[in-house]
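Trainee: Just passing along the structure, written as structure tokens.
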Ligand code: HEM
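Protein chains in written order, with full-length UniProt numbering: chain A, 1 to 592; chain B, 1 to 328.
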């Protein structure tokens, strides 16, 4: 993007830095009062020879606004791949699938961390550099600001003519009276001070340069909006705090998942969870040993035609027993986790866990238990497997794969499907496999999958797979004389619970809110200076008011007008036609 | 069901009214072009000029009174009058449609893509109308009403779902806050995007680009000078950015309760973050020498593109936890 670039109003830094260009309002008197709240600019200059010079140059580059800008843009771009490629932390199965489908590209992507973008070297490098840059720019600014908040407003500039907002008028009141009244006006109410105000007397002086000769005058110098910079600093510091809090949370948190069925429970111990994951600073002793029982689970679904079968409510009723033996009844709902001893327990999933019993060919009970069937769609067509390794010696092991249909209808072609998620006419549909389930090899297996490759399916006379249909209470023969399978009379529900403990949460929230508050202050609090000069000319008192703001400030001219209007005995307010009332500003181009 | 159908009908009616408004706004921009050419040289001198809202208007005879002054001095603008009236009408009908939708579904009417489109369009219109109360921004009209008409028609044709209740994960007061503020921010970003886009076009035309210097683009001279557009756009973006920050924080608080973690780099979260960083970069660009003005305006264009993608692409392409569009 080459070409002329105009400077939007509001972008110039006479406010804190004093004048830089000839076109800006200058004021010798304001030096000293104007804080230089910026480290030296980071514009590229030829680095000095030597490693110290080199280091200093690098540091200046890194803490410059321009580099911060580049890093921000890089951060935005670097975040995108994580939404395009599957991420291990969210969906490891999808990553495996992707790798299977794109072996070559997948391997390279994997090497460069595209399946773990947010913990990849490059993503971390960008945000760490950004935060180093942030520290480098925020620390000097904070020190400068801490000094600046004690400063008095800068003395009035010699000439008001160049200022973006002005007003002038005449009055019969004496200059002293005028400045006293305006000082009081600008100071505002005692309990809600607006401006920090100084008044002074100026001796008469000769004309010099563009400044005309003037008799002795009285002046007011006022400044407000120190909180604007405070807000900005608060915002940036809160971002630092946020990242630290999130990092500490990563190290200290733990999370466990458990599937429990109605009437059963679990204890808060690492071994009792189906999956458990924790940060490096986690200590197993820190788990408070409470236990919990699922008393019942209820769900509600819409029955109107428009939203048929959409879920409307899930409620788990539980009994919690604390280590001291006291127990209480609680409910867990979606959106309403249960908090116990600083940990939160979430209702993450639910489904049916039918009671299934398998007897082998010799009539021995080879399997009996509740088997969670995982719902696959809105009407809870649920898939599950039963692995029966413990058959009598010499017999084939049995595997059952099938669907649980809470409200089943049987189509004309004999296939069954579910039409509603609640168990109105449950049906269990099973296919039967036999052979070696491979469970004895010690390789961990997914309990929800049956690897059928090395197993033999049971076929009927036509060579089609045999499907068994069971209603609650039914017992049916397994094909090929494998034994029998029966389905329990009532169908228990299961819930998937997620327990999470993260001691940093309150800090994360606190820093986020601090950032929000700081940001609001830094964008919307006006930072203004108002100067007044009043002297006697030809027997009348002249009053001139000038205003300067930092950032875009629509309210500047009205502020100046209000100030003039507060002059006692004002004759004819003559608001100067204002060349640019919208804004005026200031800024350090390379503050950073 | 009848209430829901009435709501849909009203959205169609609003889209029609707004299409009429767009045409009238366009006619107005085209007409005024003739009068304006003379004023152009003058205006260039007064870079950054604009009438401050609330400030006493400096007489229309002063060239410095700003970009809007010639417009005020111009004779009656019938097309603009018609355009404003139809915009108010369209906005009122849209409001009625939203209220009826809420009644039909028995809940806050912003829980799926269709409703989001409806409410976001409404906010964009309200921002435009409110701005117009304080200063003359009718030059934005054609673009704001045009975009909104487009959004509404796409919404009706592609995103429409029946009005019903919501699933348990959405039954929370954060639906009102988090989603409501996100929609409002989107509406605001829409208007500021129009301003920044005009700023870029006008800036390039003023620079003498052969393409934009063609007579077909003479209407650009009716818009305020780039510096004024930039400062108007900034003020809206600042509000939008704060609201977006709140949207993300609120979303995280809600996610902590509903999904068991406050942040998980779900596609919607990723793109909300990207948008936030782009607008943060915009704010930094404005204060960086060599990046203010035109370059900063590009950030607004990119940021708004991300906003639109976050709303459409992320809902429809990616499979994340935010798949509440109701469209399968
Ligand atoms: C995580 C990275 C950062 C984010 C998200 C961020 C965000 C923001 C936001 C939203 C603002 C707007 C407030 C305003 O305009 O007044 C801002 C202002 C500012 N930021 Fe940052 N910032 C980041 C890093 C940095 C860094 C590394 C620097 C210094 C090199 C920096 C320097 C500044 C300055 C000087 C302002 C004030 C601009 C002004 O005067 O208006 N920021 N930042």
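Idealized CB from N, CA, C, for every residue including glycine.
Run through chain A and tell me which residues come within less than 8 Å of residue 246 (chain B), C-beta to C-beta.
Mentor: Looking up residue 246 (chain B) in the second chain gives position 246. Within chain A, the residues near residue 246 (chain B) are 516.
Trainee: Using DSSP with H/G/I as helix, E/B as strand and the rest coil, what is residue 300 (chain B)?
Mentor: Within the second chain, the letter at position 300 stands for residue 300 (chain B). In the structure shown, residue 300 (chain B) sits in a helix (DSSP, three-state: H, G or I).
Trainee: What residue from B:128, B:247 and B:117 has the CA that sits closest to residue 194 (chain B)'s CA?
Mentor: Locating residue 194 (chain B) in the second chain gives position 194, where the first residue counts as 1. Comparing Cα positions, the closest option is B:128.
Trainee: Name the chain B residues whose beta carbon is nearer than 8 Å to that of residue 118 (chain A)?
Mentor: What you label residue 118 (chain A) is simply residue 118 of the first chain in a count that begins at 1. Within chain B, the residues near residue 118 (chain A) are 265.
Trainee: Would residue 375 (chain A) count as contacting chain B if we go by Cβ distances under 8 Å?
Mentor: One-based indexing of the first chain puts residue 375 (chain A) at position 375. For residue 375 (chain A), the answer is no, since every Cβ of chain B falls outside 8 Å of its Cβ.
Trainee: Flag residue 335 (chain A) as yes if its beta-carbon sits less than 8 Å from any beta-carbon of chain B, otherwise no.
Mentor: For the purposes of this step, residue 335 (chain A) is identified with residue 335 of the first chain, where counting begins at 1. Answer yes: the Cβ-Cβ gap between residue 335 (chain A) and chain B drops below 8 Å somewhere.
Trainee: Suppose the cutoff is 7 Å on Cβ atoms and the five residues either side in sequence are ignored; what does the same chain contact list for residue 180 (chain B) look like?
Mentor: Counting from 1 along the second chain, the entry for residue 180 (chain B) is found at position 180. The residues are 110.
Trainee: When burial is assigned at 16 or more other CB atoms within 10 Å of the CB, is residue 44 (chain A) buried or exposed?
Mentor: Within the first chain, the letter at position 44 stands for residue 44 (chain A). Confidence at residue 44 (chain A) is low in this model, with a pLDDT of 47, below 50, so its placement is unreliable and no value can be given for it.
Trainee: Could you confirm whether any beta carbon from chain B is found closer than 8 Å to the beta carbon of residue 312 (chain A)?
Mentor: As a first step, residue 312 (chain A) is located in the first chain; it is residue number 312 there, counting from the start. Interface residue, yes.
Trainee: Alpha carbon to alpha carbon, what distance is there between residue 432 (chain A) and residue 475 (chain A)?
Mentor: Within the first chain, residue 475 (chain A) is the residue found at index 475, counting from 1. Within the first chain, residue 432 (chain A) is the residue found at index 432, counting from 1. Roughly 15 Å separates the two Cα atoms.
Trainee: Between the region 63-74 of chain A and chain B, which residues of the former have a C-beta closer than 8 Å to a C-beta of the latter?
Mentor: Going along the region 63-74 of chain A in chain order, one finds 65, 66, 68, 69, 72 and 73 with a Cβ nearer than 8 Å to chain B.
Trainee: Who are the near neighbours of residue 270 (chain A) in its chain, counting only those whose CB is closer than 8 Å to its CB and skipping five residues on each side?
Mentor: Here residue 270 (chain A) is taken as the residue at index 270 of the first chain, counted from 1. So the qualifying residues of the chain are 256, 276, 284 and 287.
Trainee: Within 10 angstroms of its Cβ, does residue 67 (chain B) collect 16 or more other Cβ (buried), or is it exposed?
Mentor: For this step, residue 67 (chain B) is matched to residue 67 along the second chain. Any reading at residue 67 (chain B) must be qualified, since the residue scores a pLDDT of 40, below 50, and its modelled position is unreliable; the value itself is stated next. With 16 or more Cβ atoms within 10 Å of its Cβ, residue 67 (chain B) is classed as buried.
Trainee: Just reading off the alpha helix (DSSP H) that residue 119 (chain B) is part of, what are its end residues?
Mentor: What you label residue 119 (chain B) is simply residue 119 of the second chain in a count that begins at 1. Start and end: 113-134.
Trainee: Using the Cα positions of residue 492 (chain A) and residue 165 (chain B), report the straight-line distance between them to the nearest angstrom.
Mentor: One-based indexing of the first chain puts residue 492 (chain A) at position 492. One-based indexing of the second chain puts residue 165 (chain B) at position 165. Each residue's Cα considered, the two are about 28 Å apart.
Trainee: Need the endpoints of the beta strand (DSSP E) that residue 401 (chain A) sits in, please.
Mentor: Working through the first chain from its first residue, we reach residue 401 (chain A) at position 401. That run of the beta strand (DSSP E) goes 397-405.
Trainee: Would you mind listing the beta strand (DSSP E) stretches within the region 255-311 of chain B that are 3+ residues and don't spill past its ends, in chain order?
Mentor: For the region 255-311 of chain B, not a single whole beta strand (DSSP E) run of length 3 or above is found.
Trainee: In this structure, what does DSSP give as the bridge partners for residue 338 (chain A)?
Mentor: Mapped onto the first chain, residue 338 (chain A) falls at position 338. Residue 338 (chain A) is bridged to A:345.
Trainee: Which full runs of the alpha helix (DSSP H) of 4+ residues lie inside the region 288-374 of chain A, going along the chain?
Mentor: Whole alpha helix (DSSP H) segments, 4+ residues: zero.
Trainee: In three-state DSSP terms, what is residue 166 (chain A)?
Mentor: Residue 166 (chain A) sits at position 166 when you count from the first residue of the first chain. Three-state result, residue 166 (chain A): strand.
Trainee: In chain order, what residues of the same chain lie with their CB nearer than 7 Å to the CB of residue 254 (chain B), ignoring the 5 residues before and after it?
Mentor: Counted from its first residue, the second chain places residue 254 (chain B) at position 254. These residues qualify, in order along the chain: 172, 174 and 178.
Trainee: I believe residue 566 (chain A) touches residue 182 (chain A) by the beta-carbon criterion, under 8 Å. Please report the beta-carbon distance rounded to the nearest angstrom.
Mentor: Walking along the first chain from the start, residue 566 (chain A) turns up at place 566. Walking along the first chain from the start, residue 182 (chain A) turns up at place 182. Indeed, because the Cβ distance is near 6 Å, the residues count as touching under 8 Å.
Trainee: Taking 8 Å as the threshold (beta carbon to beta carbon), is residue 508 (chain A) in contact with chain B?
Mentor: If you number the first chain from 1, residue 508 (chain A) lands on position 508. Answer yes: the Cβ-Cβ gap between residue 508 (chain A) and chain B drops below 8 Å somewhere.
Trainee: With contact counted as at least three CB pairs below 8 Å, one residue from each stretch, are the region 415-424 of chain A and the region 371-380 of chain A in contact?
Mentor: As far as the Cβ criterion goes, the region 415-424 of chain A touches the region 371-380 of chain A, which means the pair count is three or higher.
Trainee: Pairs of beta-carbons, one from the region 493-513 of chain A and one from the region 342-354 of chain A, closer than 8 Å: are there three or more?
Mentor: Yes: the two stretches touch, three or more of their Cβ pairs being nearer than 8 Å.
Trainee: Is residue 318 (chain A) close to chain B, meaning its C-beta is less than 8 Å from at least one C-beta of that chain?
Mentor: The residue labelled residue 318 (chain A) in the question sits at position 318 within the first chain. For residue 318 (chain A), the answer is no, since every Cβ of chain B falls outside 8 Å of its Cβ.
Trainee: State the DSSP-derived secondary structure class of residue 13 (chain A), mapped to helix, strand or coil.
Mentor: Walking along the first chain from the start, residue 13 (chain A) turns up at place 13. Since pLDDT at residue 13 (chain A) reaches only 36, below the 50 mark, its modelled position is unreliable, and no value is offered.
Trainee: So what does residue 433 (chain A) bridge to, in DSSP terms?
Mentor: Looking up residue 433 (chain A) in the first chain gives position 433. DSSP lists A:399 and A:457 as partners of residue 433 (chain A).
Trainee: Could you list which residues in chain B have their beta carbon closer than 7 Å to that of residue 82 (chain A), in chain order?
Mentor: On the first chain, residue 82 (chain A) is found 82 positions in, with the first residue counted as 1. In chain order: 265 and 270.
Trainee: What residues are listed by DSSP as bridge partners for residue 487 (chain A)?
Mentor: Reading the first chain from its first residue, position 487 is the one you call residue 487 (chain A). Its beta-bridge partners are A:356.
Trainee: Using a Cβ-Cβ distance under 8 Å, would residue 512 (chain A) count as near chain B?
Mentor: In the first chain, the residue the question calls residue 512 (chain A) occupies position 512. Taking Cβ atoms only, chain B reaches closer than 8 Å to residue 512 (chain A), which makes this a yes.
Trainee: Compute the Euclidean distance between the alpha carbons of residue 138 (chain B) and residue 318 (chain B), then round it to the nearest angstrom.
Mentor: In the second chain, residue 138 (chain B) corresponds to position 138, counting from 1. In the second chain, residue 318 (chain B) corresponds to position 318, counting from 1. Going by the C-alpha atoms only, they are around 38 Å apart.
Trainee: Count the CB pairs spanning the region 72-90 of chain A and the region 138-150 of chain A that are closer than 8 Å, and state whether there are at least three.
Mentor: No, they do not touch.
Trainee: From the DSSP output, in three-state form, read off residue 246 (chain B) for me.
Mentor: Here residue 246 (chain B) is taken as the residue at index 246 of the second chain, counted from 1. Reduced to three states, the DSSP call for residue 246 (chain B) is helix.
Trainee: Using a Cβ-Cβ cutoff of less than 6 Å, which residues in the same chain neighbour residue 189 (chain B) once the five nearest sequence positions on both sides are dropped?
Mentor: Taking the first residue of the second chain as 1, we reach residue 189 (chain B) at position 189. For residue 189 (chain B), where only same-chain residues beyond five positions count, the Cβ hits under 6 Å are 240, 304 and 307.
Trainee: Out of curiosity, what's the CA-to-CA distance linking residue 108 (chain A) and residue 508 (chain A)?
Mentor: For the purposes of this step, residue 108 (chain A) is taken as residue 108 along the first chain, with counting starting at 1. For the purposes of this step, residue 508 (chain A) is taken as residue 508 along the first chain, with counting starting at 1. In a straight line, the C-alpha of residue 108 (chain A) is about 35 Å away from that of residue 508 (chain A).
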